[in-house]
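Numbering (the numbering used here), first residue to last: 79 to 341.
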């Protein structure tokens with residue numbers, strides 16, 4: 079794969095106020111293809127509806143092959159991002175490098191540590207995500223797994239809220255969290271799902287050994303298919319009249335209970 083050359087790529091990068099204040103924007107089919115070929119990570123790509131040239135089809139193939147989020151939008155949306163010749167394609171460069179959990183897990187075992195993985199489904203608030211990442215890094219989490227679609231954008235706000243943790247902890251982006259859950263279980267991890275449907279209390283559950291913690295969005299929680307992949311459903315005991323915690327607070331409580339038990 080061709081190495082990334084900042085000088086070569088800079089002419090394709092355009093800073094845009096308002097719409098792209100969280101990072102840099104690449105526009106044009108050739109520019110996005112070169113960025114992919116150079117190994118750059120992309121957060122998302124906006125595609126003009128109705129595009130269908132052969133070069134465009136090649137771009138779509140490469141984006142799909144790399145599980146990069148794609149959104150078809152009217153051309154007016156692209157024009158609001160940049161007035162230059164975008165050729166119906168605008169992409170956002172990622173602030174971080176994404177990883178594959180299947181490549182990270184073996185190295186954790188080889189280091190002699192018990193893996194601690196955090197899976198997030200549908201956590202779309204940027205500041206919540208940043209706060210979770212900060213707690214995860216402080217708790218020694220080895221990796222955070224998020225879905226390709228429906229997760230918070232990892233932008234400057236997320237990184238700031240994480241106090242830089244998102245530059246220190248691997249973030250793995252996968253299209254199918256069900257596959258990830260099954261892979262983790264087959265690799266010897268127990269999967270603990272935080273849900274109000276649980277019969278077991280967090281503080282009465284043995285969470286030592288290789289483990290993965292699964293958290294869902296505050297509104298919808300964890301989807302039923304993913305819940306079925308979990309080994310244990312657990313809940314945090316509540317005393318007040320409000321029935322649920324902020325997801326970043328819940329993440330911190332659960333992660334540090336794992337640390338307490340491991341200590």
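Built from N, CA and C at the ideal position, the CB exists for glycine as well.
Computed from a predicted structure; not experimentally measured.
Asked                                                                                                                    : Found
Bounding residues of the alpha helix (DSSP H) (the contiguous stretch that carries residue 204)                          : 204-216
Cβ-Cβ distance between residue 168 and residue 156 below 8 Å                                                             : yes
Beta-carbon separation (whole angstroms), residue 228 vs residue 200, contact threshold 8 Å                              : 5 Å
Segment limits, beta strand (DSSP E) that includes residue 290                                                           : 289-294
Cβ shell of residue 176 (< 8 Å), same chain only, five flanking positions each side left out                             : 119, 249, 250 and 251
Counterpart residues of residue 146 in DSSP-defined beta bridges                                                         : Looking at the DSSP assignment, residue 146 forms no beta bridge with any residue, so it has no partner.
Straight-line gap, residue 303 to residue 254 (C-alpha atoms, nearest Å)                                                 : 11 Å
Beta bridge counterpart(s) of residue 120 as assigned by DSSP                                                            : 171
Nonlocal neighbours in the same chain, by C-beta distance under 6 Å from residue 279, ignoring five residues either side : 315
Beta-carbon gap between residue 270 and residue 291 smaller than 8 Å                                                     : yes
Selection from 138, 337, 264 and 336 that minimises the alpha carbon distance to residue 307                             : 264
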